Amino acid sequence: MHYSPDFKFEESKLAQKKLIISFSENSGMVSGTDSKFIKLDENTLIGLSTNGKGAALYEIYQINRKHKKMHLTITRVGSETILPNFPDKAGAYVGDAKLVSND
């Protein structure tokens, strides 16, 4: 596999965290984030969090119920509005999913 020297790959800190993802009729909730989510379908939540100054965090959580996997994509742009020279980032993570409750 070839990796471009223009990109920096980091080990995900999400591997050490347990996330709780909850789906409601039109939205959802993810533990550990302040993003507001909409429910795209039965398996997908899309979230957005902004600071009102140009920074935005986009989060997409997708559950593969058949294979018990969770895919997360995060993109952060406008980071320099938080701290000078703070980098914009994009990342993806795939991990195991476990049904906690079906209520």
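Going from the sequence shown to my numbering is simple: count from 1 and add 862. Where a beta carbon is used, it is the ideal one built from N, C-alpha and C, also for glycine. Just so you know, these numbers come straight off a predicted model, no measurement behind them.
| Query | Result |
| --- | --- |
| Taking the C-alpha atoms as reference points, what is the distance between Thr-943 and Gly-916? | 6 Å |
| Just to confirm before moving on: does the CB-CB distance between Ala-954 and Ile-936 stay below 9 Å? | yes |
| Does Gly-914 pass the burial test, meaning 16 or more other C-beta atoms within 10 Å, or should it be called exposed? | exposed |
| With DSSP as the reference, identify every bridge partner of Ile-908, one or two as the case may be. | Ile-900 and Ile-922 |
| Taking buried to mean at least 16 other C-beta atoms within 10 Å of its own C-beta, is Phe-899 buried or exposed? | buried |
| Determine the closest residue to Gln-924 out of Met-891, Asp-868 and Pro-949, with distance taken between C-alpha atoms. | Met-891 |
| Could you check the C-alpha separation between Thr-906 and His-933 for me, to the nearest Å? | 9 Å |
| Identify the continuous beta strand (DSSP E) that holds Ser-884 and give its terminal residues. | 883 to 885 |
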